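A.B. asks:
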Amino acid sequence: MNSLQDLGHVHGDICKPFLSALTSKVNEAADYFDAERVLVMGYSMGGFGALQLGCHEPEAYDAVVSIAGYGMGTCESTESSGAPQPKGRRVFDWYLEREIPQLASVPIVLAVHCPIDTVSSFRDVNAIVDAVSESAHRSSKRCYARMVEIPAELANSDYPKKRRATASGHGYFNVSLLKDRSEEFIWEELRNQLSRSAKRQRKSWDTTEESDSSAAKSASTEEQVAEGARHPEMPQSDAELATVGKLLLKHGVSVQKAGLIAAQLTGQPVERAHEVLKPLALRGGHSPNRADASPHSDQADGAAKLTLHLINIGRYSTKEEVTAALDQLGVHGELSLAETHLGGRIAFLRFAAPEEASRARTAINLGDLRLGGQRPVVAGWARRDRWLS
14 MNSLQDLGHV
24 HGDICKPFLS
34 ALTSKVNEAA
44 DYFDAERVLV
54 MGYSMGGFGA
64 LQLGCHEPEA
74 YDAVVSIAGY
84 GMGTCESTES
94 SGAPQPKGRR
104 VFDWYLEREI
114 PQLASVPIVL
124 AVHCPIDTVS
134 SFRDVNAIVD
144 AVSESAHRSS
154 KRCYARMVEI
164 PAELANSDYP
174 KKRRATASGH
184 GYFNVSLLKD
194 RSEEFIWEEL
204 RNQLSRSAKR
214 QRKSWDTTEE
224 SDSSAAKSAS
234 TEEQVAEGAR
244 HPEMPQSDAE
254 LATVGKLLLK
264 HGVSVQKAGL
274 IAAQLTGQPV
284 ERAHEVLKPL
294 ALRGGHSPNR
304 ADASPHSDQA
314 DGAAKLTLHL
324 INIGRYSTKE
334 EVTAALDQLG
344 VHGELSLAET
354 HLGGRIAFLR
364 FAAPEEASRA
374 RTAINLGDLR
384 LGGQRPVVAG
394 WARRDRWLS
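With the working numbering applied, the sequence shown corresponds to residues 14 to 402, in that order.
1. Just list the alpha helix (DSSP H) runs in the region 94-159, keeping only unbroken ones of 4 residues or longer that don't cross its boundaries, in chain order.
2. What's the C-alpha gap between W107 and R204?
3. Is it true that the region 141-159 meets the region 177-188, where meeting means three or more beta-carbon pairs spaced less than 8 Å apart?
4. For the region 33-49 and the region 84-91, state whether three or more C-beta atom pairs, one from each stretch, are separated by less than 8 Å.
5. How would you label W200, buried or exposed, when you count the other beta carbons within 10 angstroms and need 16 or more for buried?
6. Closest to L339 by C-alpha separation, out of R363, V53, R50, L66, would be which residue?
7. Do the CB positions of T36 and L64 come within less than 8 Å of each other?
8. Counting beta carbon pairs with one atom in the region 72-79 and one in the region 118-131, are three or more of them shorter than 8 Å?
9. Are L348 and A366 touching if we call contact CB-CB under 8 Å?
10. Given that a residue counts as buried once 16 or more other Cβ atoms are within 10 Å of its Cβ, and exposed if not, what is R374?
11. Can you tell me which of the three DSSP states G393 falls into?
12. Give the single residue among S330, Q206, S195 whose Cα lies nearest to the Cα of C50.
13. Note down, one range per segment and in chain order, each alpha helix (DSSP H) of at least 4 residues found wholly within the region 247-289.
14. Can you look up M85 in the DSSP assignment and give me helix, strand or coil?
15. What is the DSSP secondary structure of R358, reduced to helix, strand or coil?
16. With H, G and I counted as helix, E and B as strand and the rest as coil, what does DSSP make of R363?
17. Bridge partners of T13, per DSSP?
18. What first and last residue would you give for the alpha helix (DSSP H) that runs through V51?
19. Going by DSSP, name the residue or residues bridged to V188.
20. Measure the alpha-carbon distance for V257 versus K29 and round it to whole angstroms.
21. In whole angstroms, give me the CA-to-CA distance for R383 and D251.
22. With the cut-off set at 8 Å, would you say L321 and A370 are in Cβ contact?
23. Can you have a look at F61 and say buried or exposed, based on whether 16 or more other CB atoms are within 10 angstroms of its CB?
24. Can you say whether E112 is buried or exposed, counting buried as having 16 or more other CB atoms within 10 angstroms of its CB?
25. Can you tell me whether L318 is buried or exposed? The criterion is at least 16 other CB atoms within 10 Å of its CB, across all chains shown.
26. Locate the alpha helix (DSSP H) running through A73, then write down its first and last residues.
27. Whole-angstrom Cβ separation of A286 and G272, contact assumed at under 8 Å?
28. What's the call for L260, buried or exposed, on a 16-neighbour Cβ count within 10 Å?
29. Quick check on L348: does DSSP put it in helix, strand or coil?
30. Just curious, the alpha helix (DSSP H) that S208 is in, first and last residue?
31. Excluding the 5 residues flanking I129 on each side, which residues of the same chain have their C-beta closer than 6 Å to its C-beta?
32. Can you tell me the Cα-Cα spacing of G101 and G86, whole angstroms?
33. Please list the terminal residues of the continuous alpha helix (DSSP H) segment that includes F381.
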């Protein structure tokens, strides 16, 4: 099966940077919305994608739900599946042995399937659920894995009645997710299991909350990165990551993207790249304030120092509420609110002079200002392309 890695199949080396980047975005979104739970769910090909993401980084998800999904390869015959045998069975066995056991680290794994589905194999998915359960048992992990069976008479319920007799048995999206019986099939079970499982401690790139131990670790890593080759105990791989990362951060690349690019260029794990680059990002290139987690180039003109962006202002905070809160800190500027691509809100605060903006940034970051959320508002320098008129 080494050739599968070389070819870059969906669990292979070529796809790993994409899966890591997507998982990173999921973590960012969960962080942004203070999400208590993160669920990955998909139907048909999306069901396969849910399994794929869960296998890649199980720590990111509280539940993986695959509806009418499938795995790699199949144990079905060529006549029923169209897949060449015995190759399809060998691939499926490899998949069960090498990838699926990762799902045992997810607290909840549900598969929703119909036995007469002719597009994706019920037998394959049942084997996947069994493999997750066995792996969890062997490793003493707490994972609730279950197959939810859709009755045969509902297999084609998405189609008009005239087509149901000849349909594929793969049309139960509505009944399993949206209609009345979806509560019976999935939602009640999912809520019950989530209420019983402990909340996860997932990875976070939030720059406003760090424990003392995390801060100490970051400081230690930062010292190593800053000193570079003068520390013989620092691995050469980290020095390479630091060199590439510093260049990317200097040119305004975000820490998330810089970590991914640096990992690709140096051949190092994305997780390690982020560990090395995060302290550099917290320094904001050459800026002294940790609010500059997304640094801009030192070559930026003076106008860029006139505008702040404020995050963690709360999704439903009004302009009047933000203005009143800033007034209490003695901060007065031209305020604008905007929607983010994740559905949240961000504020822009423009000043007449750089000195005013600098004082305001310090006041906000030290003022422990909280608006509609658990995290304090953080002020950083806005980039030109994000200004509002």
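Ideal Cβ placement from N, Cα and C applies to all residues, glycine included. Quantities reported herein were computed from a predicted structural model and do not represent experimental measurements.
C.D. replies: Considering the structure as presented:
1. 100-111, 135-152
2. 33 Å
3. no
4. no
5. exposed
6. R363
7. no
8. yes
9. no
10. buried
11. strand
12. It should be noted that the sequence gives Arg, not Cys, for residue 50. Comparing Cα positions, the closest option is Q206.
13. 249-263, 268-279
14. coil
15. strand
16. strand
17. This structure cannot speak to residue 13, because the chain is shown only from 14 to 402.
18. Per DSSP, V51 belongs to no alpha helix (DSSP H) and is neither H nor E.
19. According to DSSP, V188 bridges with nothing at all.
20. 20 Å
21. 37 Å
22. yes
23. buried
24. buried
25. Residue identity differs from the one stated: residue 318 is Lys in this sequence, not Leu. It is buried - the Cβ of K318 has at least 16 other Cβ atoms within 10 Å.
26. Segment: none, A73 is in no alpha helix (DSSP H) and carries neither H nor E.
27. 4 Å
28. exposed
29. strand
30. 201-209
31. A165, A168, G182
32. 5 Å
33. Sequence inspection shows Asp at residue 381; the Phe mentioned does not correspond to that position. Per DSSP, D381 belongs to no alpha helix (DSSP H) and is neither H nor E.
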